[in-house]
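Enquirer: Handing you this structure, nothing more for now.
Residue numbers (my numbering): 37 to 471.
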């Protein structure tokens with residue numbers, strides 16, 4: 037069954053402060069810090085800033101007012117539906133400054149970790165059933181053998197870890213991106229989560245692609261947004277790392293100035309894909325990276341630590357794709373390989389598929405095919421490298437010929453001579469350099 041975007045159950049908006057499951061003092065302090073930093077007066081403006089329904093915001097404003105930290109301005113704002121304005125008292129400003137000294141976080145109320153776990157289960161990557169048609173369409177720009185899709189399909193639908201290995205230049209990264217495109221639906225990403233009184237920001241516009249929403253009119257009695265606005269509706273996230281990945285990037289990031297935390301990469305990718313490209317090129321040995329993932333991969337939970345040393349569990353609901361040019365036996369022991377659920381070899385194309393790719397690229401680049409050039413390529417050049425074809429080669433060779441044509445001031449074309457000139461740039465000869 038194809039999962040449509042509406043299949044993901046949205047997080048319900050809280051109906052009152054009692055449903056928030058956050059300490060009242062924390063909510064009050066975030067309210068005061070937000071008012072202090074953003075200079076807001078109207079409850080509708082405050083509700084939008086702290087991402088709560090109007091009724092819940094009013095409840096929080098009333099509670100803070102009862103504590104003599106807020107007061108009504110006594111004026112109605114005609115531009116805001118005759119709303120009553122509020123301002124901080126001197127005691128409220130003092131409390132806001134004190135709260136800011138403890139944590140600079142303000143704005144959207146965080147989602148308690150336990151509440152977030154419930155939403156992760158509702159939108160789990162393992163709930164997706166990707167069909168062959170979806171996967172084929174997502175890989176439409178690639179020429180792949182059917183046997184590869186036979187292995188990829190069950191791997192993606194299972195939502196379990198995948199190791200793709202094989203010679204460089206054969207599209208492992210492109211296949212990873214195609215898997216991401218095949219998912220096709222969306223999730224709800226919390227702006228921030230709360231654990232033990234600490235705020236951890238999760239939503240990251242660099243990682244997450246928000247789905248545009250129709251703007252709310254906060255003055256309306258019935259707001260159009262049908263889900264908890266502490267979340268952002270996003271496409272399933274994709275985090276791509278390469279040689280820069282280190283173990284420290286998988287830990288909470290603490291900002292000592294703001295005294296807040298930022299979620300690590302794997303937590304930001306919850307409900308989506310985490311791609312570790314070029315495995316074996318990192319400063320950390322591949323075995324160490326896999327060891328760090330053993331518990332998350334097997335148990336669906338990760339362990340993070342606060343500055344205080346306290347450890348706690350967070351959901352690990354991510355399709356992890358490892359991609360490497362090394363043979364797995366060279367970089368892992370057998371125990372580590374057992375932890376990776378699917379191991380798929382990505383080979384170079386055969387001659388037939390190579391020619392398909394070559395023709396597709398040529399048509400896309402606007403360079404006409406030439407039979408004598410293709411015969412020269414297949415009968416003269418490729419035998420010199422044992423007829424070993426790779427997916428990157430058609431693009432490389434055609435781009436080289438285009439560059440030559442532009443330099444020579446001639447129309448785009450291919451010929452045996454141009455093939456020779458392009459081929460010369462594809463490989464570096466083994467030779468001794470005299471120093």
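Where is the CB? At the ideal position from N, CA and C, for every residue including glycine.
Source: prediction; values computed, not measured.
(1) Which term fits residue 213, buried or exposed, when burial requires 16 or more other beta carbons within 10 angstroms of its beta carbon?
(2) Please determine, among 109, 406, 284, 49, the residue with the shortest C-alpha to C-alpha distance to residue 88.
(3) Within the same chain, show all residues whose beta-carbon is closer than 6 Å to that of residue 336, passing over the 5 residues directly before and after it, in chain order.
(4) Please state the DSSP three-state secondary structure of residue 298.
(5) Threshold first: 3 residues or longer. Then list the beta strand (DSSP E) segments lying entirely within the region 70–131, N to C.
(6) Scan the region 284–334 and note each continuous beta strand (DSSP E) run of 3 residues or more that stays entirely inside, going in chain order.
(7) Among 282, 208, 317, 404, which has the Cα closest to the Cα of residue 300?
(8) Looking only at C-alpha atoms, which of 422, 367, 271, 343 sits nearest to residue 314?
(9) How would you call residue 182, buried or exposed, if buried means at least 16 neighbouring beta carbons within 10 angstroms?
(10) By a C-beta neighbour count over all protein chains shown, 10 Å radius and 16 as the cutoff for buried, is residue 74 buried or exposed?
(11) Please classify residue 464 as buried or exposed, where buried requires at least 16 neighbouring CB atoms within 10 angstroms.
(12) Let me know the secondary structure DSSP gives residue 347 once reduced to three states.
(13) Looking at C-alpha atoms only, which residue of 262, 226, 237 is the closest neighbour of residue 246?
(14) If you draw a straight line from the C-alpha of residue 170 to the C-alpha of residue 266, how long is it?
(15) With a threshold of 7 Å on Cβ separation, who are the neighbours of residue 326 within its own chain once the five nearest residues in sequence on each side are excluded?
(16) My guess is that residue 393 and residue 427 are in contact by the Cβ rule of under 8 Å, so how many angstroms apart are they, rounded?
(17) Closer than 8 Å is the cut-off here; do at least three beta carbon pairs connect the region 136–151 with the region 57–75?
(18) With a threshold of 16 other CB atoms inside 10 Å of the CB of residue 443, please say whether the residue is buried or exposed.
(19) Please state if the CB of residue 147 and the CB of residue 122 are separated by a distance shorter than 8 Å.
(20) Work out the CA separation of residue 359 and residue 317 for me, nearest whole Å.
(21) Is the number of C-beta pairs between the region 455–462 and the region 430–437 that are closer than 8 Å three or more?
(22) Using the three-state DSSP reduction, which class does residue 381 fall into: helix, strand or coil?
(23) Considering only residues of the same chain and omitting the five flanking positions on each side of residue 44, which have a CB-CB separation below 8 Å?
(24) Taking the alpha-carbon positions, what's the residue 136 to residue 209 distance?
(25) Counting only runs that start and end within the region 122–191, where is the alpha helix (DSSP H) found for 4 or more residues in a row?
(26) Between the C-alpha atoms of residue 191 and residue 130, what's the straight-line distance to the nearest angstrom?
(27) For residue 90, which of 57, 105, 53 has the nearest alpha-carbon?
(28) Can you grab the Cα-Cα spacing for the pair residue 347 / residue 339, in whole Å?
Expert: Taking the definition as stated:
(1) Flag for residue 213 reads buried.
(2) Nearest of 109, 406, 284, 49 to residue 88, Cα basis: 49.
(3) 352
(4) Strand, per DSSP.
(5) 106–113, 119–124, all fully within the region 70–131.
(6) 289–291, 296–298, 309–312
(7) Per the C-alpha coordinates, the member of 282, 208, 317, 404 positioned closest to residue 300 is 282.
(8) It is 367 whose Cα lies nearest to the Cα of residue 314.
(9) exposed
(10) Its Cβ having fewer than 16 others within 10 Å, residue 74 is exposed.
(11) By the 16-neighbour rule on beta-carbons within 10 angstroms, residue 464 is exposed.
(12) strand
(13) 226
(14) When rounded, the distance between both Cα atoms is 31 Å.
(15) Hits under 7 Å: 368, 372, 375.
(16) Confirmed, about 6 Å.
(17) yes
(18) exposed
(19) no
(20) 11 Å
(21) yes
(22) strand
(23) Excluding positions up to five away in sequence, the list reads 158, 159, 221, 222, 223, 224.
(24) Computed Cα separation, rounded: 44 Å.
(25) 126–138, 149–158, 168–174
(26) 56 Å
(27) Measuring from the Cα of residue 90, the nearest candidate turns out to be 53.
(28) 6 Å
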